[in-house]
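**Q**
Listed below in structure tokens is the structure:
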């Protein structure tokens, strides 16, 4: 079974589903990418009955994903009055949360094969996975505070689930990026791959997973991967409250009007 959309493709073989993100230049997550992710999630139940593992990776040289499509967000907000803009933002967040929650709660062993940039919403997508295999050139970052926001795709509760609060505070409050070696050291990444080898290593890990009883693996996940439902809902509310502040539109405008190279572009 396979599927192909404009911004991503998926296939299943030998008990492993592979989802490839493929939107130039850096897999930004906007309405089009969200539509395609929803189609993938709709197809996921049938594939889960035939698989033991899911790998999510990127075909873009720039990296896994640069996060939310801020240009699209700014344009949409500019076209609407404040009430309509807020309704649109909340609706978008609820949709993306539904997609990421479904991946998070999948009974499969899920693996993010990360190279290059893994920022913002892209980082939040990776955090839904059970395992992160990081290319040695990978970088993880939550830059949202620069815009007057917090991560809105479920990043804070999922990051707190995986690493200590000191690490969470450092990533959020400084906006600094974390390299792959440090990500491995703090327990964010489970394996470190040579440059260009994250997908190969993820595939080898998935092959190992298929040797185990799928039911036993799913049962183990109930104990080792709690789902932070209440915190995820609260994150949406806080994000929407912050989005209504003037500082956010100023930050988005500055980003959009910046003609220099962004840090995730080659």
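Residue numbers (the numbering used here): -5 to 260. Quick reminder that beta carbons are idealized off the backbone N, C-alpha and C, glycines included.
1) Along the chain, where does the beta strand (DSSP E) containing residue 194 start, and where does it finish?
2) Please list, in chain order, all residues of the same chain as residue 192 whose beta carbon is under 8 Å from its beta carbon, the five residues on each side excluded.
3) State the Cα-Cα distance for the pair residue 260 and residue 112, rounded to the nearest angstrom.
4) Go ahead and pull the three-state DSSP assignment for residue 173.
5) Can you tell me whether residue 36 is buried or exposed, with buried defined as 16 or more other CB within 10 angstroms of its CB?
6) Give me the residue from 214, 212, 225 and 196 with the minimum Cα distance to residue 125.
7) Excluding the five sequence neighbours on either side, which residues of its own chain have a C-beta within less than 6 Å of the C-beta of residue 86, listed in chain order?
8) Which two residues bound the contiguous beta strand (DSSP E) that contains residue 82?
9) Identify whether residue 7 lies in helix, strand or coil by the three-state DSSP scheme.
10) Identify the continuous alpha helix (DSSP H) that holds residue 129 and give its terminal residues.
11) According to DSSP, is residue 104 helix, strand or coil?
12) Would a C-beta distance cut-off of 8 Å place residue 232 and residue 90 closer than the cut-off?
13) Which class does residue 113 belong to by DSSP, given the choice of helix, strand or coil?
14) Just how far apart, CA to CA, sit residue 0 and residue 206?
15) Would residue 258 be called buried (16 or more neighbouring beta carbons within 10 Å of its own) or exposed?
16) Looking only at C-alpha atoms, which of 24, 48, 21 and 160 sits nearest to residue 8?
17) Determine, using beta-carbon pairs with one atom in the segment 55 to 69 and one in the segment 214 to 224, whether at least three such pairs fall under 8 Å.
18) Does the separation of the CB atoms of residue 156 and residue 181 fall below 8 Å?
19) Considering Cα atoms alone, identify which of 17, 11, 53 and 68 is closest to residue 248.
20) Is the beta carbon of residue 79 sitting closer than 8 Å to the one on residue 92?
21) Determine the closest residue to residue 15 out of 61, 44 and 39, with distance taken between C-alpha atoms.
22) Who are residue 33's beta bridge partners in DSSP?
23) Determine, for residue 198, whether the minimum Cβ-Cβ distance to residues of chain D falls below 8 Å.
24) Taking its Cβ as the centre, do 16 or more other Cβ atoms sit within 10 Å of residue 215, making it buried, or is it exposed?
25) According to the Cβ coordinates, are residue 63 and residue 105 closer than 8 Å?
26) Once the 5 residues before and after residue 204 are set aside, which same chain residues still bring their CB inside 6 Å of it?
27) Could you spell out the range, first to last residue, of the beta strand (DSSP E) harbouring residue 133?
**A** So, from the listed chains and residues:
1) Numbered from its first residue, the chain shown carries residue 194 at position 200. Taken as a continuous stretch (DSSP letters only), residue 194 belongs to no beta strand (DSSP E), being part of the alpha helix (DSSP H) at 192 to 203.
2) Looking up residue 192 in the chain shown gives position 198. Same-chain partners within the cutoff: 51, 107, 108, 109, 127, 128, 129 and 132.
3) On the chain shown, position 266 is the one that residue 260 refers to. On the chain shown, position 118 is the one that residue 112 refers to. Confidence at residue 260 is low in this model, with a pLDDT of 40, below 50, so the placement of that residue is unreliable and no value is reported for it.
4) Against the chain shown, residue 173 aligns to sequence position 179. The answer is strand: DSSP assigns residue 173 an E or B state.
5) For the purposes of this step, residue 36 is identified with residue 42 of the chain shown, where counting begins at 1. Looking at its Cβ environment, which holds fewer than 16 other Cβ atoms inside 10 Å, residue 36 is exposed.
6) As a working mapping, residue 125 is identified with position 131 in the chain shown. For the residues 214, 212, 225 and 196, the minimum Cα distance to residue 125 belongs to 196.
7) Position 92 of the chain shown, counted from the start, is the residue given in the question as residue 86. Cβ neighbours of residue 86 beyond the five flanking positions: none.
8) Taking the chain shown and counting its residues from 1, the one referred to as residue 82 is at position 88. That residue, residue 82, is in no beta strand (DSSP E); its alpha helix (DSSP H) goes 76 to 98.
9) Residue numbering aside, residue 7 sits at position 13 when the chain shown is read from its first letter. Three-state DSSP puts residue 7 in a strand.
10) In the chain shown, counting from the first residue as 1, residue 129 sits at position 135. Segment 125 to 129 is the beta strand (DSSP E) holding residue 129; no alpha helix (DSSP H) there.
11) Here residue 104 corresponds to residue number 110 of the chain shown, with the count starting at 1. Of the three classes helix, strand and coil, the one that applies to residue 104 here is strand, per DSSP.
12) Here residue 232 refers to the residue found at position 238 when the chain shown is read from its first residue. Here residue 90 refers to the residue found at position 96 when the chain shown is read from its first residue. No, these two residues do not count as a Cβ contact at 8 Å.
13) Working through the chain shown from its first residue, we reach residue 113 at position 119. Strand.
14) In the chain shown, residue 0 corresponds to position 6, counting from 1. In the chain shown, residue 206 corresponds to position 212, counting from 1. Each residue's Cα considered, the two are about 34 Å apart.
15) For the purposes of this step, residue 258 is taken as the residue at position 264 of the chain shown. Caution is warranted here: a pLDDT of 48 is assigned to residue 258, below 50, making its placement in the model unreliable, and the coordinate value is therefore given only provisionally. Buried, because 16 or more other Cβ atoms sit within 10 Å of the Cβ of residue 258.
16) Here residue 8 corresponds to residue number 14 of the chain shown, with the count starting at 1. Selected option, being the one with the closest Cα: 48.
17) no
18) As a working note, residue 156 is residue 162 in the chain shown. As a working note, residue 181 is residue 187 in the chain shown. Cβ atoms of residue 156 and residue 181: closer than 8 Å.
19) In the chain shown, counting from the first residue as 1, residue 248 sits at position 254. Ranking 17, 11, 53 and 68 by Cα distance to residue 248 puts 68 first.
20) Within the chain shown, numbered from 1, the residue matching residue 79 stands at position 85. Within the chain shown, numbered from 1, the residue matching residue 92 stands at position 98. Not in contact: residue 79 and residue 92 (Cβ atoms no closer than 8 Å).
21) On the chain shown, residue 15 is found 21 positions in, with the first residue counted as 1. Checking every option, the nearest Cα to that of residue 15 belongs to 61.
22) Here residue 33 corresponds to residue number 39 of the chain shown, with the count starting at 1. None, per the DSSP bridge assignment.
23) No chain D is present in this structure, which holds just one protein chain.
24) Translated into positions along the chain shown, residue 215 becomes position 221. Looking at its Cβ environment, which holds 16 or more other Cβ atoms inside 10 Å, residue 215 is buried.
25) As a first step, residue 63 must be located in the chain shown, where it is residue number 69. As a first step, residue 105 must be located in the chain shown, where it is residue number 111. Result no, Cβ atoms of residue 63 and residue 105 do not sit closer than 8 Å.
26) Position 210 of the chain shown, counted from the first residue, corresponds to residue 204. Cβ within range, chain order: 9 and 46.
27) Counting from one through the chain shown, the residue named residue 133 turns up at place 139. That run of the beta strand (DSSP E) goes 133 to 135.
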